[in-house]
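Trainee:
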Amino acid sequence: MKALFASALVAALVSTAAQADVSVSDPWVRATVAQQKATGAFMRITSPADARLVSASSPVAGVVEIHEMVMDGEIMKMRAIPGLALPAGQAVELKPGGYHVMLIDLKQQVKVGDVVPVSIVVEGADGKRETLELKADARPLNSAAPMGQGHGEMKHKH
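Positions -20 to -1, 1 to 138 (mature numbering (1 follows the signal peptide of the UniProt record, and there is no 0)) are the ones given, in order, by the sequence shown.
1. Pairing CB atoms from the stretch 19 to 32 with CB atoms from the stretch 57 to 75, are three or more of them under 8 Å?
2. To the nearest angstrom, how far is the alpha carbon of residue 2 from that of residue 77?
3. Between which residues of its own chain and residue 96 is the CB-CB distance below 7 Å, once the five residues before and five after are set aside?
4. According to DSSP, which residues form a beta bridge with residue 60?
5. Residue 97 lies in the beta strand (DSSP E); which residues open and close that run?
6. Taking buried to mean at least 16 other C-beta atoms within 10 Å of its own C-beta, is residue 11 buried or exposed?
7. Roughly how many whole angstroms lie between the Cα atoms of residue 114 and residue 7?
8. One question on the structure: do residue 84 and residue 50 come within less than 8 Å of each other, judged by their Cβ atoms?
9. How long is the line joining the alpha carbons of residue 21 and residue 68, rounded to whole angstroms?
10. Throw me the rounded Cβ distance for the residue 16 and residue 86 pair, which I believe falls under 8 Å.
11. Which same chain residues, not among the five before or five after residue 74, have their C-beta less than 6 Å away from its C-beta?
12. Whole-angstrom Cβ separation of residue 98 and residue 36, contact assumed at under 8 Å?
13. Identify the continuous beta strand (DSSP E) that holds residue 7 and give its terminal residues.
14. Is the separation between the beta-carbon of residue 19 and that of residue 71 shorter than 8 Å?
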């Protein structure tokens, strides 16, 4: 009986951990020109439970922030935000002209074809944080939509 209970408990814990995983699809960054010091990272994030994107980092940038584009009258402005809501089961798209991760104070040019490591931190309603390690493809300056099937990868760090 103890063995049966223990295996049921392990199965429940594994199931809970699997449900807590946030998924990221098609991560990419916009390539830069030689002296450019900032660029955007884009992706689609889906969380099975209500959560928030609370921070991001990358070894290629001195500062990484979560940004939104907003209309102020007839002027589009970009501003840093403290986090981005990830409603349960809904894909939240970070895209040019909308929410995105901003890589600032770039240490080098990001060239088309480069793979840029980006880490994002998602916080669940329970306050637990999950770090996701992404490999984002660098795409041309004029990219506004995914190219083909995206080759970005993701690894979890709990």
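Just so you know, even glycine gets a beta-carbon here, dropped at the ideal spot from N, CA and C.
Mentor: On the basis of the supplied data:
1. yes
2. Walking along the sequence shown from the start, residue 2 turns up at place 22. Walking along the sequence shown from the start, residue 77 turns up at place 97. In a straight line, the C-alpha of residue 2 is about 23 Å away from that of residue 77.
3. Position 116 of the sequence shown holds residue 96. The residues are 9, 38, 40, 90, 116, 118.
4. Within the sequence shown, numbered from 1, the residue matching residue 60 stands at position 80. Looking at the DSSP assignment, residue 60 forms a beta bridge with 47.
5. On the sequence shown, position 117 is the one that residue 97 refers to. Residue 97 -> beta strand (DSSP E) spans 95 to 104.
6. Counting from 1 along the sequence shown, the entry for residue 11 is found at position 31. Flag for residue 11 reads buried.
7. Counting from one through the sequence shown, the residue named residue 114 turns up at place 134. Counting from one through the sequence shown, the residue named residue 7 turns up at place 27. Residue 114 and residue 7: Cα-Cα distance of roughly 7 Å.
8. Locating residue 84 in the sequence shown gives position 104, counting from the first residue. Locating residue 50 in the sequence shown gives position 70, counting from the first residue. Cβ distance not < 8 Å, so residue 84 and residue 50 don't count as in contact.
9. As a first step, residue 21 must be located in the sequence shown, where it is residue number 41. As a first step, residue 68 must be located in the sequence shown, where it is residue number 88. Whole-angstrom Cα-Cα distance: 22 Å.
10. By 1-based counting over the sequence shown, the position of residue 16 is 36. By 1-based counting over the sequence shown, the position of residue 86 is 106. About 7 Å; that satisfies the 8 Å criterion.
11. As a working note, residue 74 is residue 94 in the sequence shown. The answer, listed in chain order, is 22, 23, 80.
12. What you label residue 98 is simply residue 118 of the sequence shown in a count that begins at 1. What you label residue 36 is simply residue 56 of the sequence shown in a count that begins at 1. With a Cβ gap of about 6 Å, residue 98 and residue 36 count as contacting.
13. On the sequence shown, position 27 is the one that residue 7 refers to. Residue 7 -> beta strand (DSSP E) spans 3 to 10.
14. Taking the sequence shown and counting its residues from 1, the one referred to as residue 19 is at position 39. Taking the sequence shown and counting its residues from 1, the one referred to as residue 71 is at position 91. No. Outside cutoff.
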